[in-house]
Amino acid sequence: MDRMNWLNLEHLLLDALPDRLLTLAPSLDHAQFRDQALSVAAGLQARGITHLAVHLEDAADLAIALFAAWRAGVHVLLPADLQGQTRERWANQVDLWLTDLPGDTHLSDLRAAPLPAAALDLDQCRLSLCTSGSSGEPKLIEKRLRQLANEVCGLEQLWGAELGSACMIGSVATQHIYGLLFRLLWPLCAARPFVRRQLPFAEDLQRASREYPSFAWVASPALLKRMGDNLDWPGLAAVRRVFSSGGALPAEAAQSLQQRLGQWPTEILGSSETGGIA
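Using the numbering used here, you'd call the opening residue of the sequence shown number 518 and step up by one each time.
Quick look at the structure:
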């Protein structure tokens with residue numbers, strides 16, 4: 518683990534670090550992230566919010582919302598989607614919906630004079646994730662910040678040295694444990710840039726990859742098995758590592774990637790219940 522750049526999850530709202538770039542288009546550095554999170558935390562506190570549902574397409578906005586809520590002592594729920602039945606299911610468990618949709622509360626609505634910087638409590642800060650519901654009704658799985666912090670430390674020990682400063686580019690949503698850890702929380706701690714938007718199509722993944730000297734993919738079998746001959750495979754061979762989760766990757770798709778990229782994809786066998794890595 519590169520201790521020079523590493524910041525523990527619970528320390529991300531302490532000192533402002535303007536030289537630590539988090540993301541581009543638009544760019545956001547650590548100092549801006551911290552200041553915005555502390556400002557939104559004050560807004561949540563002023564409204565007396567204790568339980569917040571968050572569904573935001575932009576990973577940087579999600580980071581601001583998450584850390585703001587934790588700083589304000591608010592329990593966060595990440596719903597899988599914003600369909601009517603989903604909102605109905607969790608309506609009595611949240612005080613406020615923070616989303617991109619008209620009619621809901623937006624990040625900009627919550628800005629206020631910022632709370633003081635502080636370390637987060639690993640055992641008091643909590644997050645509820647929704648299971649897929651593939652084995653019945655969706656249910657909530659609660660995570661404490663300590664569990665998430667342990668997971669990102671484990672990821673960095675496994676692959677941090679190999680990834681270096683690679684930009685994390687994802688085809689999966691950050692509303693689920695895999696995308697949340699790999700696309701957002703892990704790069705936040707490691708000072709590794711990340712792409713704000715989910716890129717579900719291979720052509721978009723390729724376009725984003727060309728913008729960075731080194732990059733890694735946070736992908737799903739659904740995307741990887743669709744990656745065909747129309748892509749610039751020699752240009753994409755600079756990928757540091759290809760992660761895949763969200764189901765089994767067909768053997769022929771894995772073999773095809775190995776032949777084109779010179780590496781086997783890394784399959785992540787995790788879930789909301791077991792964690793990002795089972």
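All C-beta atoms in this analysis are idealised placements derived from N, C-alpha and C, irrespective of residue type, glycine included.
With DSSP collapsed to three states, give me the class of residue 593. strand
Could you please give me the residues that DSSP links to residue 734 through a beta bridge? 686, 759
Residue range of the beta strand (DSSP E) that includes residue 712: Run containing residue 712: none; DSSP gives neither H nor E here.
Using the beta-carbon count (16 or more within 10 Å), is residue 688 buried or exposed? buried
So what does residue 643 bridge to, in DSSP terms? 661
State buried or exposed for residue 786, treating a residue as buried only when at least 16 other CB atoms are found within 10 Å of its CB. exposed
State the DSSP-derived secondary structure class of residue 784, mapped to helix, strand or coil. strand
Under 7 angstroms Cβ to Cβ from residue 768, same chain only, skipping five residues before and after it: list those, please. none
Proximity winner among 752, 664, 538, 605, relative to residue 638 (alpha-carbon distances): 664
Indicate whether residue 719 and residue 757 have their beta-carbon atoms separated by less than 8 angstroms. no
First and last residue of the alpha helix (DSSP H) that includes residue 705? 703-707
Excluding the 5 residues flanking residue 607 on each side, which residues of the same chain have their C-beta closer than 7 angstroms to its C-beta? 570, 594, 596
Hey, out of 764, 683, 567, 673, whose CA is closest to residue 641's CA? 567
Sub-8 angstroms separation of residue 738 and residue 707 beta-carbons: no
Can the beta-carbon of residue 753 be found closer than 8 angstroms to that of residue 539? no
Over the uninterrupted alpha helix (DSSP H) stretch that includes residue 547, give me the two end residues. 547-564
Sequence-distant residues of its chain with Cβ nearer than 8 angstroms to residue 631 (five each side left out): 552, 555, 556, 558, 559
Flag this pair as touching only if the segment 576-587 and the segment 543-552 have three or more C-beta atom pairs under 8 angstroms; answer yes or no. yes
Below 7 angstroms CB to CB, which residues in the same chain sit around residue 617 once its five sequence neighbours on both sides are set aside? 573, 574
Using a threshold of 8 angstroms, state whether the C-beta atoms of residue 636 and residue 531 are closer than that. yes
Determine the contact status of residue 731 and residue 682, defining contact as a CB-CB distance below 8 angstroms. yes
For residue 669, the three-state DSSP class (helix, strand or coil): helix
Is residue 583 near the ligand GTP - that is, is its Cβ less than 7 angstroms away from at least one heavy atom of it? Ligands displayed in this structure: none; no statement on the ligand GTP is therefore possible.
Whose CA, out of 644, 613, 547, 610, lies closest to the CA of residue 692? 644
Comparing C-alpha positions only, which one of 711, 755, 581, 770 sits nearest to residue 625? 581
Nearest to residue 528 by CA position, among 590, 666, 614, is which residue? 666
Under a three-way DSSP split, which group does residue 623 fall into? coil
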